[in-house]
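Taking our numbering, the leading residue of the sequence shown gets 94, the next gets one more, and so forth.
Notes to accompany the following structure.
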Amino acid sequence: MSEAGIGSTSKVDPVLLEIVSHALVSAAEEMSITVWRTSRSTTVRELLDYSTAVFDGEGRNIAQAARMPVHLNSMELCLQEIIARHLPLERWREGDVVVTNDPYCGGQHLPDFLAFKPIFIEGQRIAITCVLIHHVDVGGGAAGGYNAHAVEIFQEGLRLPPVKIVREGEMQDDLFATILQNVREPETFRGDFLSQIAALEVGARAMRQLAARYGVETLRDVGEALLDHSETAMRAALTALPDGVYQAEDFVDGDGMDTGQKRIAVTLTIAGDALTVDFAGSSPQARGPINATMATTRSAVYYAVIAASGIEATANSGCYRPITVSAPDGLLVSAQFPAPVSMRMLTGHRIATAVLKAFAEAVPERIPASYYGVTFNHAVNIRHADGRRQVYFDAEIGGWGGHPEADGPSGLSAGFHNGQNTPIEMIEAIFPLRFTHYGFLPGSGGAGRMRGGLGLVREWRFIAEHGLLNASFDAFASRPYGLAGGEPGRGGRLSLIRDGQVTELAAKTIGCVLKAGDIVRMETPGGGGHGDPRERDPAAIAADRADGHVIAGVAD
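Below, the structure is given as structure tokens:
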């Protein structure tokens, strides 16, 4: 962010604005580091499935840490929903912490708990800090929260409306005990949740220090200037795009219950400095748990627009002002209560890839082919011989699409979810699993002038007495698309190997019984290719063969 850029329309001194804006981001990052250092689960500590942000006193996102766009883009939507319909800001007090995980109160799915803490100076609310954590288990019909057979949200786990878990500095122990009573790993949940609460106060302390140093009025002016600057930058980026109406579609394999793919249809309308994104024509909401609320849909749209537009500004709620997202109620992308939503990320990814595909019509030189388009979320409910229970939860990713100017990266986690790799050594140290294979999947990237990136193979042997495997997978049949003549990436696959016999499992699996010695093998999708494969540089083809990235005879 340049001084000239952020100061050109602001009444705040540009040097001061630059200093304070970075201090706000530092506050969010300090919260993020606190969670990382003090949390208990590998989901948070290794996978980094959490996000932190700072809001102004009115609940507008002004700064965030570099974590997950799927979280960060929806935090304000949740907070504004809470303020408008559940807990007006005049009822928030110093020392309060408000928490919810309800998708129908502004959240996305039940494992994601959002916690908000207001910060006051002399009775005046100056900011609100937020920490969102994906918790390992929230009860319900499946360990890890992904119940493939759920047809109502009531079957997916504990659902908490916006409520004060801390009131004026006093932890509500009875409410906390009720939460812990309803999850499979209460001590792990307790550790992650208390980490969440502690990080909120770290952010609050940083905001009090900023207010003491620069004054409440300056802090408010800086927040307004940051939002205005990001809005101006987004409008400039949209103005640089060609006006027009652009349409695209992508598909989810299905909900695991009813046959047939589910369609996501998108129409982008670029008109000067404004953008409308409409999803009319998408499939109706599903019986199974792949539904997305508008919080997920808007989050995916905001990610795709920021990625495609080339905007150079701080990501905050000002970026979203020129963007209108619409969909009739009751679609896959605008699910209504009490639709199940635990696997909403499967649809969220495809919302993002559909929007990016539409942008490829407008700016083909900028947009890559589809990335893997799915998070391979999986959990194992483990029962040891001594009666002890564990829940192992993890997520895997795949290959990215070929770009007009470069091959797609292999096994890269970025973009909409931006999770990190959980080291297999850490998993083996905690859980009764022993990895037998982990690496790139040759031949999984789509062929093209620029090849798609490779998916991954992740294979482990189960060594406990008993376990139940649950999987929230997709892109087995709906393969990541290619562009400009490029071929789609290879789809995913899940299999169980027992006594040498291979059994193919469904993408949406619940309660697959595991016995000691069983091997679970996951193969994730590769990215789509870009451009005619016949135009690929012979030297690049030779390098692919030498590196083992292709299967002989497939991508010649």
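Glycine is no exception: its CB is placed at the ideal position from the N, C-alpha and C atoms.
(request) Would you identify the three-state DSSP class for D321, choosing helix, strand or coil? (result) helix
(request) Measure the CB-CB distance between W553 and T529 and report whether it falls below 9 angstroms. (result) yes
(message) For G284, report the span of its alpha helix (DSSP H) as first-last.
(response) P279 to Y307
(request) Look at the alpha carbon of T302 and the alpha carbon of I603, and state the distance between them as a whole number of angstroms. (result) The amino acid occupying residue 302 in the given sequence is Gln; Thr does not appear at that position. Distance between the alpha carbons of Q302 and I603: 49 angstroms.
(message) I'd like to confirm the pairing. Which residues does DSSP put opposite P377 in its beta bridges?
(response) Paired residue(s): L424.
(request) State the start and end residues of the unbroken alpha helix (DSSP H) segment that holds I176. (result) From DSSP, the alpha helix (DSSP H) with I176 extends over P162 to R178.
(request) Report the partner residues of H623 according to the DSSP bridge assignment. (result) According to DSSP, H623 bridges with M543 and L576.
(message) Tell me the residue span of the alpha helix (DSSP H) that contains T271.
(response) Looking at the DSSP string, the run of the alpha helix (DSSP H) that includes T271 is D266 to Q274.
(request) Consult DSSP for A97 and reduce its assignment to one of helix, strand or coil. (result) Reliability of the predicted coordinates at A97 is poor, the pLDDT of 35 falling under 50, and the value obtained from them is presented with this limitation in mind. Here DSSP, grouped into helix, strand and coil, assigns A97 to helix.
(message) Given this structure, state the Cα-to-Cα distance separating E122 from A318, to the nearest angstrom.
(response) 21 angstroms
(request) Could you spell out where the alpha helix (DSSP H) holding A564 opens and where it closes? (result) Here A564 belongs to no alpha helix (DSSP H); instead the beta strand (DSSP E) covers H559 to S565.
(message) With distance defined between alpha-carbon atoms, name the residue in G560, N384 and S571 nearest to V244.
(response) N384
(request) Give the range of the beta strand (DSSP E) segment to which S144 is assigned. (result) Y143 to D149
(request) Evaluate A304 with the Cβ neighbour count: other Cβ atoms within 10 Å of its Cβ, from every protein chain shown; 16 or more gives buried, anything less gives exposed. (result) buried
(request) Ignore the nearest five residues each way along the sequence and tell me which others in S376's own chain have a CB closer than 6 angstroms to its CB. (result) Scanning its chain for C-beta atoms nearer than 6 angstroms, with the 5 sequence neighbours on each side dropped, one finds around S376 the residues K355, R356 and L425, in chain order.
(message) With a threshold of 6 angstroms on Cβ separation, who are the neighbours of R381 within its own chain once the five nearest residues in sequence on each side are excluded?
(response) Just to set this straight, residue 381 is Gly in the shown sequence, not Arg. Contacts found: D348, G349 and M350.
(request) State the Cα-Cα distance for the pair P631 and G593, rounded to the nearest angstrom. (result) Approximately 40 angstroms between the Cα atoms of the pair.
(request) Compare the C-alpha of A401 against each of G480, S132 and E458 and name the closest. (result) E458
(request) Measure the Cβ-Cβ separation of R629 and R544 and say whether it is below 9 angstroms. (result) yes
(message) If contacts are defined as beta-carbon pairs under 8 angstroms, then Y465 and G620 qualify, I think. What distance do you get, rounded to the angstrom?
(response) 6 angstroms
(message) Tell me the rounded alpha-carbon separation between P255 and G234.
(response) CA-CA distance, P255 to G234, rounds to 23 angstroms.
(request) Would you mind listing the beta strand (DSSP E) stretches within the stretch 468-517 that are 3+ residues and don't spill past its ends, in chain order? (result) 469-476 and 482-489
(request) Kindly give me the distance between the Cβ atoms of R218 and G150, rounded to whole angstroms, as I take these residues to be in contact under 8 angstroms. (result) 4 angstroms
(message) Taking the alpha-carbon of I226 as reference, which of L251, H179, I176 and I290 has the nearest alpha-carbon?
(response) I290
(message) Checking the sheet assignment: what are the DSSP bridge partners for G532?
(response) G532 is bridged to V550.
(request) Using three-state DSSP, classify S571 as helix, strand or coil. (result) coil
(message) When you compare the stretch 565-576 with the stretch 516-525, are there three or more beta-carbon pairs, one atom per stretch, that lie closer than 8 angstroms?
(response) In short, these stretches do not touch, since the Cβ pair count stays below three.
(request) Check R153 in the structure and name its three-state DSSP category. (result) coil
(request) State the DSSP-derived secondary structure class of H442, mapped to helix, strand or coil. (result) helix
(message) Which residue wins for smallest C-alpha separation from P204, given the options G512, Y143 and V231?
(response) V231
(message) Quick test of your reading: N511 and N154, contact by CB under 8 angstroms. State the CB separation rounded to the nearest angstrom.
(response) Not confirmed; about 17 angstroms, so no contact.
(message) Using the three-state DSSP reduction, which class does I104 fall into: helix, strand or coil?
(response) Here the sequence assigns Lys to residue 104, which means Ile is not the residue at that position. Note: K104 maps to coil in three-state DSSP.
(message) Looking at E541: is its Cβ nearer than 9 angstroms to the Cβ of G495?
(response) In the sequence on display, residue 541 carries Gly and not Glu. Against a cut-off of 9 angstroms, the Cβ pair of G495 and G541 comes out as a contact.
(request) Select from L320, V190 and F286 the residue whose C-alpha is nearest the C-alpha of E263. (result) V190
(request) Out of A453, P279, V643 and S427, state which residue places its alpha-carbon closest to the alpha-carbon of Q340. (result) Closest option to Q340, Cα to Cα, is A453.
(request) Can you grab the Cα-Cα spacing for the pair E294 / A116, in whole Å? (result) 16 angstroms
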